[in-house]
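Below: the structure, in structure tokens.
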Amino acid sequence: MSDARSLSQALLHTGDGQFAKRMKDHAAVPEALPVYMTSVFAFDDVPSVDAIYEHEAEGYIYSRMRHPNADAVAEILSAADGGEDALVFSSGMAAITLSILSLVQAGDHIVASPVLYGGVRDFLEKELRRLGVRVTFVDLLREDVEAALRPETKLIYTETLCNPLLEVPDLRRISSIAHAHGLPLLVDNTFATPVVAQPISLGADLVLYSATKYLGGHSDIVSGAAVGSRDLIERIRPKLVLYGAVSGAQDCWLLARSLRTLQLRVTRHSQNALRVARFLEEHPKVEKVYYPGLASSPDHARAQAQFRDGLYGGMLTVDLAGGERAATDFVAALESIKYVPSLAGTATTLSYPAKTSHRFYTPEALEKAGITMGQLRFSIGLEDPDEIIAEMARALDAL
Ligand code: PLP
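Using the numbering used here, the first residue of the sequence shown is number 9, and each one after it goes up by one.
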């Protein structure tokens with residue numbers, strides 16, 4: 009630093025960009041991607057910016073449009089899911105709503121599974137209706153999908169593992185129907201992750217995530233993602249930029265870090281969940297266990313045909329004998345397993361669909377959705393499975 013520089017010059021114009029430029033010539037690169045905490049990038053001249061806008065040069069301009077930490081996550085996710093490209097969003101809802109909005113306009117029509125994450129169901133039912141887009145909900149396991157299609161249908165939407173009963177639609181069959189009509193199939197793969205299922209390999213065109221869940225995996229970020237063909241991703245990108253649904257550098261950095269252990273974590277979540285499901289299935293205080301990994305599950309064959317490495321995910325749902333009273337007492341009797349209205353953290357948690365995600369359903373609507381007052385949904389964690397089972401056994405025996 010030259011003595012001739014004023015203090016304000018020294019404080020305001022030393023480091024940062026110049027430092028980054030010098031590092032480009034270093035012999036070594038950081039082993040871990042740094043957090044690029046910058047809202048904007050600096051240029052020495054006008055042609056350099058023009059070249060980026062004209063796609064003649066690689067570079068970043070403004071972090072709402074694109075930034076290195078989001079691109080790093082997109083790269084990992086497209087490789088993991090077998091897509092050509094990906095986008096990272098500020099939340100799962102942003103990923104899902106803006107992807108759908110990119111593909112429909114007033115007068116269009118969507119076919120969707122009726123059993124979906126509540127926020128997505130609300131978006132399809134209320135927000136899209138307001139915008140002049142109609143949705144037909146079709147039980148993809150039991151009803152005729154083709155009969156619901158109309159000339160103005162633009163896409164089919166489902167989840168890999170439907171919440172909370174963990175039913176498994178046949179993605180190969182649904183995607184072949186979609187493609188026969190020139191439609192894309194959009195699949196929310198939040199519960200499965202690419203470790204359990206890779207919907208693109210089963211025919212899906214766009215894979216959506218609440219990265220808040222397993223991809224993040226530590227209950228410390230809210231984020232979302234979409235993975236698909238370059239063409240679809242480029243149709244969606246302008247909406248992300250326009251609506252400002254970008255995921256910040258820090259969250260993307262945490263997400264990239266979490267993805268390094270995704271396979272390890274989801275394998276363990278799944279193995280633990282199968283152990284717990286087998287225990288619960290035999291327990292007299294448990295009426296029913298919903299887990300596609302159980303040989304007794306009506307979804308087992310479909311799950312086996314579509315899921316990877318004999319894994320079925322970390323989510324499982326039970327109906328306790330004794331209804332609401334039993335569910336309330338059971339939650340109170342547990343020690344380390346907390347009532348957490350989310351999922352996919354490192355620790356085992358539970359949620360109570362009739363009291364949270366489906367709280368405002370009428371008793372008739374609850375019955376139609378198969379949700380009972382004694383029903384609890386577990387997100388099985390990474391603990392020693394014997395400890396999870398012992399804690400559940402103590403709480404069940406106390407009922
Ligand atoms: N999809 C599924 C299956 C979810 O469980 C959730 C949230 O619970 C979402 C989407 C929405 O994601 P986010 O809360 O990150 O916006």
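We put the beta carbon where it would ideally sit given N, CA and C, even for glycine.
Model, not experiment: these values are computed from the prediction.
Alpha carbon of D408 to alpha carbon of S237, nearest angstrom
Nothing about residue 408 can be reported from this structure: the residues present for the chain run from 9 to 407 only.
Residue closest to L342, alpha-carbon to alpha-carbon, out of T269, A406, P38 and F287
Taking the sequence shown and counting its residues from 1, the one referred to as residue 342 is at position 334. Ranking T269, A406, P38 and F287 by Cα distance to L342 puts A406 first.
With a floor of 3 residues, list each beta strand (DSSP E) that falls wholly inside the stretch 177-229, ordered by position along the chain.
193-196 and 214-218
How long is the line joining the alpha carbons of L302 and Y320, rounded to whole angstroms?
The sequence position of residue 302 within the sequence shown is 294, counting from 1. The sequence position of residue 320 within the sequence shown is 312, counting from 1. The alpha-carbon atoms of L302 and Y320 are separated by roughly 9 Å.
Following a CB-centred definition, is N77 positioned closer than 7 Å to any heavy atom of the ligand PLP?
Within the sequence shown, residue 77 is the residue found at index 69, counting from 1. No, Cβ of N77 sits at least 7 Å from all heavy atoms of the ligand PLP.
Counted within 10 angstroms of its Cβ, other Cβ atoms place Y299 as buried (16 or more) or exposed
Locating residue 299 in the sequence shown gives position 291, where the first residue counts as 1. By the 10 Å Cβ count, Y299 comes out buried.
beta-carbon E167 near the ligand PLP non-hydrogen atom, thresh 7 Å
For the purposes of this step, residue 167 is identified with residue 159 of the sequence shown, where counting begins at 1. Yes - the ligand PLP has a heavy atom lying nearer than 7 Å to the Cβ of E167.
Helix, strand or coil at A234 [DSSP, three-state]:
Within the sequence shown, residue 234 is the residue found at index 226, counting from 1. DSSP places A234 in strand when its eight states are reduced to three.
How long is the line joining the alpha carbons of D394 and Q279, rounded to whole angstroms?
Here residue 394 refers to the residue found at position 386 when the sequence shown is read from its first residue. Here residue 279 refers to the residue found at position 271 when the sequence shown is read from its first residue. Spanning the two alpha carbons is a distance of roughly 12 Å.
Verify whether the separation of the beta carbon atoms of S110 and R243 is less than 8 Å.
Numbered from its first residue, the sequence shown carries residue 110 at position 102. Numbered from its first residue, the sequence shown carries residue 243 at position 235. Taking 8 Å as the Cβ cut-off, S110 and R243 qualify as a contacting pair.
The stretch 197-217 touching the stretch 49-63, judged by at least three CB pairs closer than 8 Å
no
Compute the minimum distance between the beta carbon of I241 and the heavy atoms of the ligand PLP, and state whether it is under 7 Å.
What you label residue 241 is simply residue 233 of the sequence shown in a count that begins at 1. Result no, Cβ not under 7 Å from the ligand PLP.
Express the C-alpha separation of A18 and M9 in angstroms, rounding to a whole number.
On the sequence shown, position 1 is the one that residue 9 refers to. On the sequence shown, position 10 is the one that residue 18 refers to. At M9, the pLDDT of 47 sits below 50, so the modelled position is not reliable; the number obtained from the coordinates is stated separately. Distance between the alpha carbons of M9 and A18: 7 Å.
Rounded to the nearest angstrom, how far is the Cβ of P172 from that of D147, given a contact under 8 Å?
Along the sequence shown, read from residue 1 onward, the residue named residue 172 stands at position 164. Along the sequence shown, read from residue 1 onward, the residue named residue 147 stands at position 139. About 15 Å separates the two Cβ atoms, so there is no contact after all.
Closer than 7 Å: F199 CB and nearest the ligand PLP heavy atom:
Residue mapping note: residue 199 aligns to position 191 of the sequence shown, counting from 1. Because some heavy atom of the ligand PLP lies under 7 Å away, the Cβ of F199 counts as near it: yes.
With distances taken from CA atoms, which of A403, Q26 and L149 is nearest A120?
Numbered from its first residue, the sequence shown carries residue 120 at position 112. The residue with the shortest Cα to Cα distance from A120 is L149.
What's the gap between the Cα of C127 and the Cα of S98?
Here residue 127 corresponds to residue number 119 of the sequence shown, with the count starting at 1. Here residue 98 corresponds to residue number 90 of the sequence shown, with the count starting at 1. As written in the sequence, residue 127 is Gly, which differs from the Cys given in the question. Answer to the nearest angstrom: the Cα atoms are 15 Å apart.
Supposed close pair L210, L179 - CB separation, criterion 8 Å
For the purposes of this step, residue 210 is identified with residue 202 of the sequence shown, where counting begins at 1. For the purposes of this step, residue 179 is identified with residue 171 of the sequence shown, where counting begins at 1. Confirmed, about 4 Å.
Given 7 Å as the limit, tell me if D196 has its C-beta closer than that to any heavy atom belonging to the ligand PLP.
To locate residue 196, count along the sequence shown from 1; it is residue 188. Because some heavy atom of the ligand PLP lies under 7 Å away, the Cβ of D196 counts as near it: yes.
Please look up how many angstroms separate the CB atoms of T201 and I182, rounded, as I've assumed it's under 8 Å.
Your numbering for residue 201 matches position 193 in the sequence shown. Your numbering for residue 182 matches position 174 in the sequence shown. Contact flag wrong, Cβ pair sits at about 20 Å.
Drop a sphere of 10 angstroms on the beta-carbon of G224, count the other beta-carbons inside from all chains shown, and report buried for 16 or more, exposed for fewer.
Locating residue 224 in the sequence shown gives position 216, counting from the first residue. Counting Cβ neighbours within 10 Å, G224 comes out buried, since at least 16 surround it.
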